[in-house]
Each structure stands twice: as C-alpha cells, then as structure tokens.
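Number of protein chains: 2
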Amino acid sequence: MIKTQAHDYLHGETSCEGFWAYDESKPGKRPGILVVHEWNGLQDYMKKRCGMLAEMGCVAFAPDIFGKGVRAKSFPECEQISAPYYKDRALTRGRARAGLEVLQKHPLVDSAKIAAIGYCFGGLVILELARTGANIAGVVSFHGQLNTPNPADGKNIKAKVLVLHGAIDPVVPPAEVAAFEKEMEDAKVDWQFISYGGAVHTFTNWNLPTTGMPAAYNEKADKRSWIAMQDFFKEIFA
Amino acid sequence: MIKTQAHDYLHGETSCEGFWAYDESKPGKRPGILVVHEWNGLQDYMKKRCGMLAEMGCVAFAPDIFGKGVRAKSFPECEQISAPYYKDRALTRGRARAGLEVLQKHPLVDSAKIAAIGYCFGGLVILELARTGANIAGVVSFHGQLNTPNPADGKNIKAKVLVLHGAIDPVVPPAEVAAFEKEMEDAKVDWQFISYGGAVHTFTNWNLPTTGMPAAYNEKADKRSWIAMQDFFKEIFA
Chain A
1 MIKTQAHDYL HGETSCEGFW AYDESKPGKR PGILVVHEWN GLQDYMKKRC GMLAEMGCVA
61 FAPDIFGKGV RAKSFPECEQ ISAPYYKDRA LTRGRARAGL EVLQKHPLVD SAKIAAIGYC
121 FGGLVILELA RTGANIAGVV SFHGQLNTPN PADGKNIKAK VLVLHGAIDP VVPPAEVAAF
181 EKEMEDAKVD WQFISYGGAV HTFTNWNLPT TGMPAAYNEK ADKRSWIAMQ DFFKEIFA
Chain B
239 MIKTQAHDYL HGETSCEGFW AYDESKPGKR PGILVVHEWN GLQDYMKKRC GMLAEMGCVA
299 FAPDIFGKGV RAKSFPECEQ ISAPYYKDRA LTRGRARAGL EVLQKHPLVD SAKIAAIGYC
359 FGGLVILELA RTGANIAGVV SFHGQLNTPN PADGKNIKAK VLVLHGAIDP VVPPAEVAAF
419 EKEMEDAKVD WQFISYGGAV HTFTNWNLPT TGMPAAYNEK ADKRSWIAMQ DFFKEIFA
C-alpha cells in the first residue's frame, strides 16, 4: 500500500512543501530517492514518478526547490520562477541540501542507500547537489542541464553519476555536453552518459506532445532511461 | 551443456573458420548472435564471449572476417591483417554477410531474433553490416570504430543500434562520434549511445592491463556495458 503525503519543512526562513511516497505496508529500511522537479515546480508529474519509485521499494521524497505554493502554469511563469535558481547556484545547492536532510531523517531510509534523480531543471539541481560533496551513492539526470559556473567543484563529487540525455536536445547542446564530460574526467568522477537518438528535451514527460521542438515526449527513450536508472540503482545499492 | 565447435565455410573462394557456441541440451529455437572479433582475428577472447552468450540462451556464432588461419600475435601483425578490411568496406560487408548467412541457417536460430555484436574492429564491421540493410533486429558495438566512407548508407539501416563507447577512447575521437551521431540522426535510425567515463579503447577485454593508453581493461565499464547489451536484447527480442 503506497502512502503519499505532502510534507512542510523550512530552508532558512523559506517554507517548502515537499512530497513523500513509500510503501507503508512493508517493514524495514530501504533506499531513499530524492526526486527533483522540472522548472515548473513540484507538480503531479513528479508525484507520479515518486509513486513509481515507491512501487519499486524505495522511499521517494520530492523536495520543493522553489518554496511552498510557487508553481508555474505557463511557459513565462516557468521562466520567471526558475530564473533565480539557474542564476544563484549557492541558493539552489542549499535548497537541495535542505530537501536531502528531510529524506535522510526518514525512519525507513537506509542512510547508506540514498540517491538523487532530477528532471530538466532538477537534473541541474542534483548535479549541483553532488558538487557540494553530498554523501550519497548516486545521482541520475533526466534531460537535465549540465552547465555550472563552478566546474572545479567536480572534484567534490562522491556520488556516481548517470546522465540520460536526448541526443538532439536543443536545450542542452553539444558544447554543454562536452564541457560537462571534461569536468567529470578532470575530477575523476565515476560517470556514465547515455544519449537517446531522436530524443529532444523533456523526453520522459508523458504530458507533452510526442513531436515538436524543443521538448517532446519520446516513449522509447522514456522506457529505456527508466531501465538504465534501475540498473544503476541495482549497482549502487548492491 | 554448452557445445562449442569450429565451423568451416566459404566467402567466395576464401576459406573461413568461424566458431559456434550454444546449449545443445535445450530444445527450441532461440535468438542468434553474430559475434565479430577485434583486429587480431577470431581468437580465445571472442570464443569466451560466445560461451557467455550461449549461457544466456542464445546461439552465438563468431564469423571469421580475415579468413582461416589469419590471426595476429603482435601489434604490427594486427595492423597488417586488418588494414585491407578497414580500407575495402565492400569486402568487409561481404565477409560479414557470409557469416550472417551461416548463422541464419542454423536450425536452432529464430530468424526473427538475430543481432550482431562486435568489438573494436568488429564494431566497425557490424555497423557496416547494418548499413547493407541486413534484416536483423539489432547491432551492438563495444568500443568500435564508427567511421564509414558511406554515411549515406545509414538510410539502409533496419537494425536498432546500440553503441557502447569509452569516453576517453583515443582511437574513436569526439569528431568521429559526432559524425556518427549525425549519420544516425540524418537517417532516422533507432540508435542509442553510451559513454563510460574513464574508459579507453578495448575496455571490455580482460586480457589487457587495467591502465594505459590507448587501450586498457575497465571492469566497471565492462560489466555495465554487458548489462546494457542484455537490456537491449530484452527489448529487441521481446
């Protein structure tokens, strides 16, 4: 029986409203997954991903990076509410760590088995979280931005890194991919990168149309990337 | 009980000696995998991979691209025996198709479930085979060369394509990767590309030392790539 629940917490003086999903009918500690939302804020799509992770036997927690009630309904609103977090990476890192601390304290979470996954903007967030030196087993980016103003912080990364990328994603162009790969190699991170042919931005989000630029749903890439994530979890939680 | 056996066949007037591995104690048709060797010719490493595929329930056949008895024991010999096949792609394609025909005729092979995998030089071969329009379900390249003099032939590809690549493989540099990705996109091939951080050329071959350039064994990338191949087979043989 999957339990889902909103969860209020603070980052400094900012109120945040995250979301839990886990199977409350099963006993025992289990992997904990931080699930970071897209640039529209924590909405139903992320909650469904949390439910899928709970069905897989994890405790899923979606942190609220933008703060309680800050949710976008339109493209301009997305740009507006996410812009400060693309710009001020210290803020973004702090907000992510606040969410991680909530997850770490959950009594059902095995603290040695924590990973973070993120979608689009959330992919950027979980990589910035890794660059803080967060003591987690792995991070997975789904069509996330890879840029950072602080590539030298790659050396802090303890987590294994898996990036799942749309090969023709115009939002994350080849130069950004190349800079990221260089950062990972320079810092000797344990990293893997999968490109899905024909996939553009946001290829996992079934709410989008299946064609169009810059973002569209791609069922094959969605399914394949979910399997790749599960293989990754199998390895890092072994 | 895995049966292994050498197999003589002809391509035109050239004698070839391939290699079979399959479980003869089990009845029924099953997937058939063409397993194409590195630039040193068909040797023990390939035969062990065939055995692993047979254990997985496939019929594995390693074709002999260079011809019977043509096997290299040194780096200069590798260069010498492989050079004609890097240069004359029509010859290489013909030799690969001759091997595929042997595999297709095996009574235990399900003709709707055929794939080809290749290592280094063999990766180049299975992509050239796909570019002939071979009617097979998929091809998998392990640290293979991606270049072709005939990128327009990408449009013939019917197979799904999975490329497993060492992120810092100096033998297959970024420009070659970029040209390949463009070929795949232009031809609307169903393709995926995985880069393994820290991995150089020949990362799957346990006979190599674990450090050094341009080629070295990388256990993590070896294991991860084998899992990726199994996932791919699960999808294409479903």
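Those protein sequence lines, which keep their order, are chains A and B.
Counting from 1, one number per residue, gives the positions in the first sequence under the numbering used here.
Counting from 239, one number per residue, gives the positions in the second sequence under the numbering used here.
Heads up, the beta-carbon is just placed ideally off N, CA and C, and yes, glycines get one too.
query, result
"Any Cβ of chain B within less than 7 Å of the Cβ of A/W191?", "yes"
"Taking 7 Å as the CB-CB limit, is B/M422 close to chain A?", "yes"
"Residues of chain B with a CB under 8 Å from the CB of A/E181: which are they?", "A405, S433 and G435"
"Out of A/K158, A/K160 and A/A178, which has the shortest C-alpha to C-alpha gap to A/T148?", "A/A178"
"Can you check whether the C-beta of A/I227 is within less than 7 Å of a C-beta belonging to chain B?", "yes"
"Please report the distance separating the alpha-carbon of A/V140 from that of B/S349.", "37 Å"
"Determine, for B/D460, whether the minimum Cβ-Cβ distance to residues of chain A falls below 7 Å.", "no"
"Which one or two residues does DSSP pair with A/I2 in a beta bridge?", "A/D23"
"Among B/D469, B/K285, B/W444 and B/V399, whose alpha-carbon lies nearest the alpha-carbon of B/K458?", "B/W444"
"Express the C-alpha separation of B/A310 and A/I2 in angstroms, rounding to a whole number.", "59 Å"
"For chain A, find out if any of its Cβ atoms is closer than 7 Å to the Cβ of B/D469; answer yes or no.", "yes"
"Return the CA-CA distance between A/A98 and A/E13, expressed in angstroms with no decimal places.", "12 Å"
"Taking contact to mean 3 or more Cβ pairs, one atom from each stretch, closer than 8 Å, check whether the segment 296 to 303 of chain B and the segment 251 to 271 of chain B are in contact.", "yes"
"I think B/F431 touches B/A353, with their Cβ atoms under 8 Å apart; what is that distance to the nearest whole Å?", "Not confirmed; about 17 Å, so no contact."
"Of the choices B/F380, B/V274, B/E414 and B/N394, whose alpha-carbon is the least far from that of B/E255?", "B/V274"
"Classify A/S82 as buried or exposed, calling it buried when 16 or more other Cβ atoms lie within 10 Å of its own Cβ.", "buried"
"Given B/K285, which residues of its chain have a CB within under 6 Å of its CB, disregarding the five upstream and five downstream residues?", "F257"
"Run through DSSP, which three-state label would B/T252 get?", "strand"
"Identify whether A/I157 lies in helix, strand or coil by the three-state DSSP scheme.", "coil"
"Quick one: what's got a C-beta closer than 6 Å to B/L362's C-beta in the same chain, skipping five residues either side?", "G382 and Q383"
"Are A/A152 and A/I136 touching if we call contact CB-CB under 7 Å?", "no"
"Beta carbon of A/A96, beta carbon of A/L129: below 7 Å?", "yes"
"So for A/V70, helix, strand or coil by DSSP?", "coil"
"Among B/G279, B/V340 and B/H344, whose alpha-carbon lies nearest the alpha-carbon of B/S312?", "B/G279"
"Based on DSSP bridge pairs, tell me the residues matched to B/R268.", "B/V347"
"For a test of your reading of the model: does the CB of A/Y45 fall under 6 Å from any non-hydrogen atom of the ligand MG? Yes or no.", "By its list of ligands, the structure shown contains no ligand whatsoever, and the ligand MG lies outside what it can speak to."
"Which residue from B/E293, B/V401, B/E414 and B/E262 puts its Cα closest to that of B/M467?", "B/V401"
"Given that a residue counts as buried once 16 or more other Cβ atoms are within 10 Å of its Cβ, and exposed if not, what is B/E419?", "buried"
"Would you identify the three-state DSSP class for B/L400, choosing helix, strand or coil?", "strand"
"Name the two residues that bound the continuous alpha helix (DSSP H) containing A/G122.", "F121 to R131"
"Going straight from the alpha carbon of A/H248 to that of A/D23, what length do you get?", "Since the first residue shown for chain A is 1 and the last is 238, residue 248 of chain A is missing from the structure and cannot be characterised."
"Have a look at A/I65 and A/T92 and give me their C-alpha separation to the nearest angstrom.", "7 Å"
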